[in-house]
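What follows is a single structure, written as structure tokens, with notes after it.
There are 6 protein chains.
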Amino acid sequence: MDEPPLHPRVETVAEDIETMETRGAATIADAAASALVTQAAESRAETPAAFRGEIRAAARTLLDTRPTAVSLPNALRYVLQRMDGESVAALRASVERAGSSFRDQLDRAQDDLGEIGANRLRDGDRVMTHCHSTDAVACIEHAVQQGKAISAVVKETRPRKQGHITARELRELGVPVTLIVDSAARRSLGDVDHVLVGADAIAADGSVVNKIGTSGLAVNARERGTPVMVAAQTIKLHPDTMTGHTVDIEMRDESEVIAPEDRAEIGEITVENPAFDVTPPRHVDAIVTERGQFPPESVVTLMRELFGEGTREPWAE
Amino acid sequence: MDEPPLHPRVETVAEDIETMETRGAATIADAAASALVTQAAESRAETPAAFRGEIRAAARTLLDTRPTAVSLPNALRYVLQRMDGESVAALRASVERAGSSFRDQLDRAQDDLGEIGANRLRDGDRVMTHCHSTDAVACIEHAVQQGKAISAVVKETRPRKQGHITARELRELGVPVTLIVDSAARRSLGDVDHVLVGADAIAADGSVVNKIGTSGLAVNARERGTPVMVAAQTIKLHPDTMTGHTVDIEMRDESEVIAPEDRAEIGEITVENPAFDVTPPRHVDAIVTERGQFPPESVVTLMRELFGEGTREPWAE
Amino acid sequence: MDEPPLHPRVETVAEDIETMETRGAATIADAAASALVTQAAESRAETPAAFRGEIRAAARTLLDTRPTAVSLPNALRYVLQRMDGESVAALRASVERAGSSFRDQLDRAQDDLGEIGANRLRDGDRVMTHCHSTDAVACIEHAVQQGKAISAVVKETRPRKQGHITARELRELGVPVTLIVDSAARRSLGDVDHVLVGADAIAADGSVVNKIGTSGLAVNARERGTPVMVAAQTIKLHPDTMTGHTVDIEMRDESEVIAPEDRAEIGEITVENPAFDVTPPRHVDAIVTERGQFPPESVVTLMRELFGEGTREPWAE
Amino acid sequence: MDEPPLHPRVETVAEDIETMETRGAATIADAAASALVTQAAESRAETPAAFRGEIRAAARTLLDTRPTAVSLPNALRYVLQRMDGESVAALRASVERAGSSFRDQLDRAQDDLGEIGANRLRDGDRVMTHCHSTDAVACIEHAVQQGKAISAVVKETRPRKQGHITARELRELGVPVTLIVDSAARRSLGDVDHVLVGADAIAADGSVVNKIGTSGLAVNARERGTPVMVAAQTIKLHPDTMTGHTVDIEMRDESEVIAPEDRAEIGEITVENPAFDVTPPRHVDAIVTERGQFPPESVVTLMRELFGEGTREPWAE
Amino acid sequence: MDEPPLHPRVETVAEDIETMETRGAATIADAAASALVTQAAESRAETPAAFRGEIRAAARTLLDTRPTAVSLPNALRYVLQRMDGESVAALRASVERAGSSFRDQLDRAQDDLGEIGANRLRDGDRVMTHCHSTDAVACIEHAVQQGKAISAVVKETRPRKQGHITARELRELGVPVTLIVDSAARRSLGDVDHVLVGADAIAADGSVVNKIGTSGLAVNARERGTPVMVAAQTIKLHPDTMTGHTVDIEMRDESEVIAPEDRAEIGEITVENPAFDVTPPRHVDAIVTERGQFPPESVVTLMRELFGEGTREPWAE
Amino acid sequence: MDEPPLHPRVETVAEDIETMETRGAATIADAAASALVTQAAESRAETPAAFRGEIRAAARTLLDTRPTAVSLPNALRYVLQRMDGESVAALRASVERAGSSFRDQLDRAQDDLGEIGANRLRDGDRVMTHCHSTDAVACIEHAVQQGKAISAVVKETRPRKQGHITARELRELGVPVTLIVDSAARRSLGDVDHVLVGADAIAADGSVVNKIGTSGLAVNARERGTPVMVAAQTIKLHPDTMTGHTVDIEMRDESEVIAPEDRAEIGEITVENPAFDVTPPRHVDAIVTERGQFPPESVVTLMRELFGEGTREPWAE
């Protein structure tokens with residue numbers, strides 16, 4: 001069967017994503033939704049079936065560029081999930097509405113999320129962070145804007161020490177920062193009111209995929225009675241996990257862990273450098289999204305609402 | 001009251017300890033016990049009271065050199081605890097016997113401990129280590145000598161990365177080593193049969209003072225069902241804790257955590273660099289000493305047996 | 001901008017709520033819903049926008065009377081959430097329908113809830129209560145009506161001893177009652193089949209705000225293997241918490257805790273008398289509402305269904 | 001009031017279910033849905049009310065045959081829940097659509113579920129099973145079809161040793177099987193990547209009713225850090241539990257536990273042979289259905305979506 | 001067989017204990033030890049056997065006065081356990097030595113204990129107390145004397161509100177006090193560094209018998225990560241429990257729980273007023289005695305050392 | 001070097017143990033102790049060294065017969081541990097004394113243990129048993145003799161169903177018995193006051209080696225709040241574990257698990273039939289021995305007291 005005709009802008013957007021001209025989870029998602037809207041607006045399809053076929057084909061083209069990034073399929077799922085109507089006009093309108101709504105929400109998502117997360121923080125609270133997450137920083141930023149005094153214990157987050165970025169951004173907000181090595185976390189947990197982290201992906205079983213070290217921190221936080229709060233926009237939800245798929249953990253370059261010269265001195269060893277780990281929902285108290293906060297066990301409901309049931313791929317021919 | 005006359009060797013030993021000419025927990029303990037034996041052998045005391053006074057004074061002199069090292073008072077306690085007799089001759093003999101017995105045991109302690117620890121390991125076991133401990137390495141070494149195939153997951157142990165030393169020593173024993181950052185520990189715990197660490201001090205309430213990060217690791221090990229084994233010679237027992245004293249946690253230089261130039265870039269922050277943390281006994285499965293293995297909750301019994309009840313300082317005038 | 005014209009009944013209802021002429025969570029909610037229905041029925045608005053504006057203004061007026069009571073905004077949210085239509089007539093009908101449905105459900109909520117809660121209890125069960133909750137008592141009452149023999153261990157619930165009220169109501173139902181001080185709860189938990197409490201508010205993260213002492217009881221119940229059941233009508237759900245807001249804990253008068261003369265005798269002390277505490281969802285087995293029972297982690301879904309997403313206030317201009 | 005006229009096929013189907021001519025959860029559900037469709041298709045009702053009355057009466061007739069089987073009321077609930085329309089024609093169409101959709105989904109449910117469950121398993125994983133569940137076996141079967149090497153530890157599952165059936169079916173799939181007695185489970189849990197069981201029913205509070213021994217296994221799995229996965233089609237969801245009803249645990253014949261001659265030798269004893277037990281949601285990691293996987297705490301949402309709120313019986317007159 | 005002749009002072013002491021002229025755990029223990037010493041000093045026994053018989057008879061006479069107080073048999077056990085020698089003179093000396101040593105230790109026990117307990121407290125610590133215990137207050141008093149700033153959260157301890165006594169004594173020491181009802185404990189546990197309680201008895205299995213409410217507090221403290229410290233002189237150790245005996249829990253007068261007039265208003269209810277409960281060792285971090293601190297699991301060793309193996313009663317004929 | 005001359009009775013005893021003429025842990029231990037006494041009594045050694053050599057040689061001969069039974073080396077350790085003196089006469093007397101004391105204690109051990117265990121049980125208690133242990137039954141027997149009403153839930157204990165033996169013996173004592181399959185244990189744990197099991201060996205780290213299924217039962221008992229009590233005479237203590245040795249778990253015949261014909265039908269499978277498993281001390285509340293009850297964490301102290309430090313084998317040349 002012939003592929004339906006695609007609007008050139010779809011192909012440009014796809015190319016820009018593929019060549020990483022377009023980068024960043026939110027930027028990619030926005031571009032993808034916008035491309036679908038263009039395809040809908042400019043479509044010359046004459047039958048609803050043809051129109052649907054075009055939109056799905058556009059989605060597949062976009063998806064093929066970066067099959068593992070989660071924000072890209074989420075943008076596509078969101079729009080296709082809402083494509084509905086008996087006529088081409090109705091279908092077109094529904095795609096335009098969905099695309100526009102997705103982009104609007106995306107645009108203010110971090111701001112909304114920050115406000116919600118900030119509401120969980122009280123004046124005088126002390127927060128422990130792991131790695132660097134703009135969503136997590138947004139929560140603290142909004143709390144500061146609400147006039148709350150917040151201080152932070154920042155874990156350096158080996159191997160890449162993204163804690164330094166967090167520290168700098170919090171300093172720019174005027175937040176007092178105490179920097180510690182990752183191993184010193186348990187010792188400080190008793191003096192801390194919240195553990196606050198971001199997420200790379202959230203799975204349908206409620207588990208949180210985030211920077212290596214998150215799960216060990218969460219286990220210790222539970223043992224010390226400190227609540228754990230995950231700040232993650234809904235584009236981090238991972239609909240594939242609804243069908244049981246597990247999130248692949250990227251293994252990063254070994255040289256991040258040990259310099260070649262130090263390694264040579266030690267002798268022949270294996271170095272493992274997993275980028276992420278998985279925190280089960282029972283060690284997380286709340287997931288803060290721009291749509292509100294949720295216990296991790298109920299995020300699947302939000303995931304189904306936003307992105308469909310997930311047992312069928314909406315772009316399948 | 002006049003201080004009793006001390007043998008010059010006591011003063012030499014004291015000076016060598018003070019100037020750090022004599023270094024290392026075991027070496028210091030050995031020198032101190034040996035100095036007491038010399039004092040006893042060469043004493044010119046004519047009454048039991050005078051003899052006792054001399055030995056106590058020698059102990060005080062030695063103790064004053066390094067009041068915080070735990071092996072030093074342990075050597076003194078061990079010998080003074082066993083000073084007994086109705087005559088100078090009997091007292092002298094008891095001190096010589098105790099000093100000699102202490103030094104003999106010290107001499108073979110790591111070997112005995114290694115053998116005992118090795119017995120807990122089975123052929124094919126995989127061990128996770130934190131920091132570097134010669135006692136812990138001795139357990140693996142003996143297991144290898146027993147013909148067991150042992151492999152190791154070595155945590156790098158920020159900030160000073162003593163894990164590199166452990167890795168090198170294990171490689172020299174032919175043990176396959178996988179190096180990870182500290183944050184990656186929980187992810188590997190499911191594939192590991194034992195967590196094996198050393199100790200800086202063991203307290204009367206059964207808690208283990210060891211390199212920062214040990215307690216967080218132990219909490220995660222318990223949560224994953226992995227047993228935790230602490231290898232520590234009895235000179236690491238901390239008799240002061242019998243009277244409720246807590247072990248001071250050394251705060252080390254901040255530059256170990258972050259280079260001054262990186263710090264300058266971030267802005268004004270606090271850096272905390274605690275050297276140790278405290279693992280409660282409920283997260284430890286066994287403490288392996290040269291005297292046998294013990295549940296952490298029963299180590300106080302061994303402490304009392306070796307070093308006395310602890311509610312009185314044996315060197316008090 | 002001018003405020004839209006409000007029906008006098010809205011103002012009367014508002015005044016009655018403000019002066020506490022109208023009292024009690026359910027009574028207030030009922031009055032508020034009824035006032036919105038009146039406003040809708042009698043509205044002279046000529047455009048959908050004007051009509052919507054009037055209803056929102058009425059809601060704001062009502063809300064201003066008691067900004068902290070949760071049942072009041074819930075009634076308003078429920079109705080406004082369902083205001084829908086392209087014409088004034090359609091909008092009016094939708095408000096009337098929603099108001100009527102809300103009031104009908106409210107009217108039979110405790111009865112429905114009691115039936116559902118009673119179904120969890122088996123013949124011969126022994127129940128432990130804390131404080132006094134008409135929803136919790138309704139569960140026992142229905143169980144008794146179902147012909148089940150139920151007995152109760154009633155915690156007195158210092159400082160105000162509302163346990164005495166519970167005891168009296170249960171006696172009136174013929175339920176055998178054992179009264180204990182709050183501290184005796186753990187000792188009895190092994191002989192008890194359920195802990196059954198009410199709630200002052202239920203948060204979006206699944207935590208239960210209830211009379212001080214509930215959370216400590218729930219932790220002990222979990223440790224003893226006794227299930228914890230919370231009986232709470234849906235007007236106790238707290239939609240503000242969807243946006244991360246925490247529930248303020250009222251601090252009550254110190255004289256409830258200690259008589260002034262006893263206090264004078266002791267000397268200068270601080271007295272803290274928090275009215276409520278927060279039980280995390282992991283210590284609660286089921287929340288029983290008139291809409292069915294829910295694990296605490298999924299109550300947010302019900303909250304969104306009944307009261308909207310919560311990230312926007314439906315009465316905002 | 002007269003009962004509405006029922007189509008003869010409804011009565012035939014009812015009879016076949018009653019006489020156990022029609023057996024098996026899925027077969028019964030399919031027959032019941034099909035009977036409702038026939039009733040709708042052939043109805044001679046002239047008013048919507050009459051039509052609704054007929055369908056409800058047909059449902060009651062079917063329900064009366066086996067009031068305790070959960071798949072039967074689920075089929076009826078699913079269809080009646082979707083009966084909607086202002087005219088007889090619209091109502092008829094809605095019943096036909098719902099019946100057809102229910103049967104289609106049922107037809108491919110185990111296959112879909114198996115695919116989803118298989119996605120949770122990784123190449124090389126070792127799975128522990130309890131009892132025999134075709135849903136659980138389907139997960140392993142699909143994993144094998146995905147090319148993954150899976151091995152299994154099969155608990156024999158006293159008293160009826162359904163583990164032998166599981167073992168045989170897994171052998172037919174080429175899966176290496178290790179058979180153990182039930183008591184040996186904890187010893188193997190450290191070497192196992194998943195516990196995988198089926199379910200007889202899933203309750204609204206997230207608890208899982210399954211073969212006796214499941215809950216004890218799940219508690220041990222949690223303690224050893226091994227995730228627990230329950231495979232259950234949505235016809236196993238138990239809507240009655242939404243209204244607090246508990247699932248009756250069948251007590252089976254004592255001779256399954258002990259042969260009469262052995263019993264005679266022991267003397268007068270009681271024998272208890274419960275068929276099932278109840279696993280609380282906190283000991284289960286995921287429930288895998290044909291609609292996707294869910295944390296047990298969120299299954300109630302799916303239950304409400306498929307079968308209605310549950311506080312009203314849809315077949316009530 | 002004739003009872004051996006007892007010294008009149010033994011009988012006077014016995015009578016004074018029986019008539020409660022002599023009261024208080026320590027005072028009784030002191031009197032009993034002193035009576036044994038008198039009996040030994042004044043004995044006219046001519047054979048070792050006769051002497052032993054006399055001392056045992058004296059012990060039995062003393063014991064009969066208050067069979068349930070634990071300090072009385074402990075005094076007797078301590079002395080009889082140390083009665084040793086081949087001649088009457090040697091036996092007499094051993095009893096005198098043991099009696100004198102027991103009394104000396106008793107005399108300074110609370111002081112020693114206070115010092116040890118104080119060492120566990122750091123400057124700035126906040127302590128939560130339950131009931132009133134002079135041993136617990138002694139720990140805080142010594143900490144204050146050591147120059148540490150200590151503050152306290154004092155639970156009122158229904159039904160008898162001994163927390164008021166604790167509050168007053170702490171105020172006299174200058175310690176800032178916050179008084180709360182018992183149910184408010186969990187809410188404050190996050191801000192508290194230690195839970196500090198006394199004990200009525202300590203059992204050989206490591207469990208702590210103390211004022212009702214202690215066990216529930218300890219469970220919550222563990223859940224919040226707050227360490228629990230029990231201050232108890234060794235006369236609170238309960239040697240009978242070495243042979244499995246359980247400690248009877250006194251049920252106190254019901255009017256302590258509810259005033260008769262309030263009760264009459266409620267109707268016919270049962271009131272349970274247990275004086276104590278039992279905290280298992282896993283919820284206690286340290287037991288502080290005058291002999292040092294111990295994990296609860298190792299107290300049995302101290303019990304055997306002080307009071308003998310316990311499987312034989314030393315006063316048995 | 002020549003082996004010292006052994007008394008013929010030593011060789012007879014050794015042979016009887018080797019040929020299993022002498023069987024049963026207690027009988028073997030008794031025979032071994034008795035043989036050492038004979039060797040001592042009849043020794044013609046003229047020097048202390050020769051005498052010691054003879055006794056050690058006798059011990060080695062006895063030990064060689066059954067190197068894995070734990071009661072045999074315990075008898076030898078007990079006696080050799082107490083061999084002490086400067087002359088042959090003194091040494092002989094010490095061996096005779098130790099041998100006699102060991103045998104006396106052994107003779108009444110089960111009775112003493114039963115009494116102690118019975119003291120932990122209250123009138124009306126319900127006890128759950130696993131496997132068959134004469135020590136555990138002795139506890140119930142003594143409780144019955146104390147006039148307490150005790151009932152029992154007896155797990156059948158696959159694969160060999162020793163629960164049937166327990167059931168029969170308890171019936172003979174008049175104890176009401178409920179028999180269940182092993183998997184039904186968790187369901188009954190809420191109605192049970194104690195789990196009571198025996199032990200095959202107790203290790204120095206406090207873990208309990210007992211019939212397969214014990215550890216899983218103990219984990220569930222802890223989760224349900226039911227205390228676990230282990231009844232084990234001190235000959236079950238395993239001194240080798242003081243030096244880290246682990247207890248080998250016997251793998252028994254596969255035909256105990258599945259009949260060959262059933263197995264043939266299934267196809268090629270592995271069958272694992274471990275006889276024992278290991279319960280960590282944190283899941284056990286008390287170990288009841290004839291010397292008193294102990295928390296599992298303190299049993300090592302008793303082990304050292306009875307059998308020596310264990311780091312040296314007392315029979316080593």
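Going line by line, the protein sequences match chains A, L, Y, H, D and E.
Residue numbering for the first sequence follows full-length UniProt numbering, starting at 1 and increasing by one per position.
Residue numbering for the second sequence follows full-length UniProt numbering, starting at 1 and increasing by one per position.
Residue numbering for the third sequence follows full-length UniProt numbering, starting at 1 and increasing by one per position.
Residue numbering for the fourth sequence follows full-length UniProt numbering, starting at 1 and increasing by one per position.
Residue numbering for the fifth sequence follows full-length UniProt numbering, starting at 1 and increasing by one per position.
Residue numbering for the sixth sequence follows full-length UniProt numbering, starting at 1 and increasing by one per position.
All residues carry an ideal CB built from backbone N, CA and C; glycine is no exception.
Source: prediction; values computed, not measured.
### Message
Using a Cβ-Cβ cutoff of less than 6 Å, which residues in the same chain neighbour Y/S188 once the five nearest sequence positions on both sides are dropped?
### Response
V153
### Task
Measure from the C-beta of E/R224 to each C-beta in chain Y and report whether the shortest distance is under 9 Å.
yes
### Query
When the cut-off is 9 Å and only beta carbons count, does A/A184 lie next to chain L?
yes
#### Entry: DSSP three-state assignment for D/S151, whether helix, strand or coil
strand
### Message
By alpha-carbon positions, which one of E/L170, E/A264 and E/M229 ends up nearest to E/D193?
### Response
Nearest to E/D193 by C-alpha distance, out of E/L170, E/A264 and E/M229, is E/M229.
#### Entry: chain A contact for H/D285 (CB, 9 Å cutoff)
H/D285 counts as touching chain A.
### Query
Got a sec: is the Cβ-Cβ distance from L/F307 to anything in chain H below 9 Å?
no
### Under 9 Å between C-beta atoms of E/A149 and E/G99
no
### Query
From L/H283 to A/V37, what does the alpha carbon distance come to, in whole angstroms?
57 Å
### Task
Compute the Euclidean distance between the alpha carbons of E/E86 and E/P48, then round it to the nearest angstrom.
7 Å
### Alpha-carbon spacing of E/G244 relative to A/T246, whole angstroms
40 Å
#### Entry: E/E84 at chain L interface by Cβ criterion, 9 Å
Sequence check: residue 84 of chain E is Asp here, not Glu. It does not: the Cβ of E/D84 has no partner Cβ on chain L nearer than 9 Å.
### Task
Kindly indicate if chain D contains any beta-carbon less than 9 Å away from that of E/G147.
Chain D places no beta carbon closer than 9 Å to that of E/G147, leaving this residue out of the contacts.
### Message
So if I threshold CB-CB distances at 8 Å, which residues from the region 175 to 204 of chain D count as touching chain A?
### Response
L189 and G190
### Query
Which residue comes first and which comes last in the beta strand (DSSP E) that contains E/H194?
H194 to V197
### Message
By the DSSP assignment, the beta strand (DSSP E) with A/T289 in it spans what residues?
### Response
A286 to T289
### Task
Verify whether the separation of the beta carbon atoms of H/V137 and H/G174 is less than 9 Å.
no
### Message
For the pair the region 12 to 20 of chain L and the region 60 to 70 of chain L, tell me if three or more CB-CB distances fall below 8 Å.
### Response
yes
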